[in-house]
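Protein chains: 2
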Amino acid sequence: MQYSVGVEYALHCLVYLIDVPSKESVGIKDLAEFQGLSETFLSKVFGKLSKAGIVSSVSGVKGGYRLSKSPEDISFWDVVEAVEGPKPIFQCKNIKDNGYLYREGSCSAPSSCSINLVMLAAEEKMRDYLRGKTLSWLNEELERVLPQKTREDTRKYFSKSNI
Amino acid sequence: MQYSVGVEYALHCLVYLIDVPSKESVGIKDLAEFQGLSETFLSKVFGKLSKAGIVSSVSGVKGGYRLSKSPEDISFWDVVEAVEGPKPIFQCKNIKDNGYLYREGSCSAPSSCSINLVMLAAEEKMRDYLRGKTLSWLNEELERVLPQKTREDTRKYFSKSNI
DNA sequence: TTAATCGTCGATTTACTTTATCGATAATAC
DNA sequence: GTATTATCGATAAAGTAAATCGACGATTAA
Numbered sequence: 023m024q025y026s027v028g029v030e031y032a033l034h035c036l037v038y039l040i041d042v043p044s045k046e047s048v049g050i051k052d053l054a055e056f057q058g059l060s061e062t063f064l065s066k067v068f069g070k071l072s073k074a075g076i077v078s079s080v081s082g083v084k085g086g087y088r089l090s091k092s093p094e095d096i097s098f099w100d101v102v103e104a105v106e107g108p109k110p111i112f113q114c115k116n117i118k119d120n121g122y123l124y125r126e127g128s129c130s131a132p133s134s135c136s137i138n139l140v141m142l143a144a145e146e147k148m149r150d151y152l153r154g155k156t157l158s159w160l161n162e163e164l165e166r167v168l169p170q171k172t173r174e175d176t177r178k179y180f181s182k183s184n185i
Numbered sequence: 023m024q025y026s027v028g029v030e031y032a033l034h035c036l037v038y039l040i041d042v043p044s045k046e047s048v049g050i051k052d053l054a055e056f057q058g059l060s061e062t063f064l065s066k067v068f069g070k071l072s073k074a075g076i077v078s079s080v081s082g083v084k085g086g087y088r089l090s091k092s093p094e095d096i097s098f099w100d101v102v103e104a105v106e107g108p109k110p111i112f113q114c115k116n117i118k119d120n121g122y123l124y125r126e127g128s129c130s131a132p133s134s135c136s137i138n139l140v141m142l143a144a145e146e147k148m149r150d151y152l153r154g155k156t157l158s159w160l161n162e163e164l165e166r167v168l169p170q171k172t173r174e175d176t177r178k179y180f181s182k183s184n185i
């Protein structure tokens, strides 16, 4: 069981959007090229991020994406949910009603299956943690952890005025 | 992204093993039949549980499975890990080294990728919760929640002496 | 206005993982 | 011995994720 690579792509790409001036944007092509990713697939991922209101798109020549809200209002969980969808990790499905765990027929019925409730609560712990980590937090973390020069070089790479 | 149904099968089946007297065992056939599951597939799942030391098997006629330790020493996480394997939900894979998140080359190298660290920590929150819920807890919960008659009927169903 | 760039969307292909089946083997009760 | 049951490996079927392709519309530069 694994999150799809889409989550990884999204989080890594969003890092590069944090610093982009609000009037500019970064193209899928640049993001894909810089990290050696499939351009077409990455555009799918950004479609989801766009639909979730995390980024907004700019069409046409010199278009691309930018964050559609402040980095401190975008949590890791927002990103994961946008890419993976809202379905819980654990979901009772096939088990027949004759098992004695079921009071109301279906296992997925609310408050029916004790096992299901535990798994959902566990997942909620994970989500809570991810809700507490925002892109602005990540930005500060990177500031602390990475050499200054590296970050500047990357900013230049994605700067339109540079071309 | 979802846990495999194997996890669901395992947890639901283990419930029926809690009450089994330590000299007896329950066969895959009964467990599968009772819940309408594929017998062959369920046997694969129990193979994993067995290898993880959660259940022990009894070969031969009237053989089957029983818990290999006390229900209070078997947590939900033990079961999930046994069935799903030890791999984390989120794992950095494909991203090239030229992204500026990497200090030591690979994203999966310890303490290298800040994003990876956050995801691993989040997952750990979920695991902690699941470690806190044991089969004996579940048993008490079911005692509280289910009609007494239902539980007794189920015990009878799996009792060898009954046949 | 025209041409080039870029995001959007749906259809499709490819690859991989999960789910399930089959067959052979070994152990045990009777 | 014979029937039953777990074990294990190989394999098939089904489903999902990853990636590609092509047509479209929107935008910008010239």
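Protein chains in written order, with our numbering: chain A, 23 to 185; chain B, 23 to 185. Beta carbons are placed, not taken as given, at the ideal position from N, Cα and C, and that holds for glycine. Quantities reported herein were computed from a predicted structural model and do not represent experimental measurements.
Exercise for the section: Starting from the beta carbon of Y87 of chain A, find every residue of chain B whose beta carbon is closer than 8 Å, and list them in chain order. Expected result: Near Y87 of chain A there are no residues of chain B at all, since even the closest Cβ is about 17 Å away, more than 8 Å.
Practice task
Helix, strand or coil for L168 of chain B, going by three-state DSSP, please let me know.
Solution key: In the three-state scheme derived from DSSP, where H, G and I count as helix and E and B as strand, L168 of chain B is classed as coil.
Handout entry: I111 of chain B: contacting residues in chain A (beta-carbon distance under 9 Å)
Key = M23, Q24, Y25, I111, M148
Handout entry: Runs of beta strand (DSSP E) wholly within the segment 48-119 of chain A (minimum 3 residues, chain order)
Key = 77-80, 86-89
Practice task
Between the Cα of R88 of chain B and those of B:V48, B:K171, B:Y31, B:C35, spot the shortest distance and give me the residue it belongs to.
Solution key: B:V48
Practice task
Establish whether the CB of A143 of chain B and some CB of chain A are separated by less than 9 Å.
Solution key: yes
Exercise for the section: Please name the residue or residues paired with T176 of chain A in a DSSP beta bridge. Expected result: For T176 of chain A, which the question treats as bridged, DSSP gives no partner whatsoever.
Exercise for the section: Could you name the residues of chain A that Y61 of chain B contacts, counting a contact when the two beta carbons are closer than 9 Å? Expected result: The amino acid at residue 61 of chain B is misidentified as Tyr; the sequence shows Glu. By Cβ distance, chain A contributes nothing, its closest Cβ being about 14 Å from E61 of chain B, past 9 Å.
Exercise for the section: Could you tell me which chain A residues have their CB closer than 7 Å to the CB of S136 of chain B, listed as they occur along the chain? Expected result: Here the neighbours are L160, E163, L164, V167.
Handout entry: Pairwise C-alpha distance: A104 of chain B and L157 of chain A
Key = 34 Å
Practice task
Count the other C-beta atoms from every protein chain shown that fall within 10 angstroms of the C-beta of A144 of chain B, then say buried if there are 16 or more, exposed otherwise.
Solution key: buried
Handout entry: Buried versus exposed call for S71 of chain A [16 or more other C-beta atoms within 10 Å across all chains shown]
Key = Note that residue 71 of chain A corresponds to Leu in the displayed sequence, not to Ser. So L71 of chain A ends up on the buried side.
Exercise for the section: Excluding the 5 residues preceding and the 5 following R149 of chain A in the sequence, name in chain order all residues of the same chain whose CB lies nearer than 6 Å to its CB. Expected result: Contacts found: W99.
Exercise for the section: May I ask you to list, following chain order, the residues of the segment 39-51 of chain B that have a beta carbon less than 7 Å from some beta carbon of chain A? Expected result: none
Handout entry: Nearest-angstrom Cα separation, counted from P93 of chain B out to V67 of chain B
Key = 18 Å
Exercise for the section: Please decide whether E30 of chain A counts as near chain B, where near means a Cβ-Cβ distance under 9 Å. Expected result: yes
Problem - DSSP-derived helix/strand/coil call for I40 of chain B - result: helix
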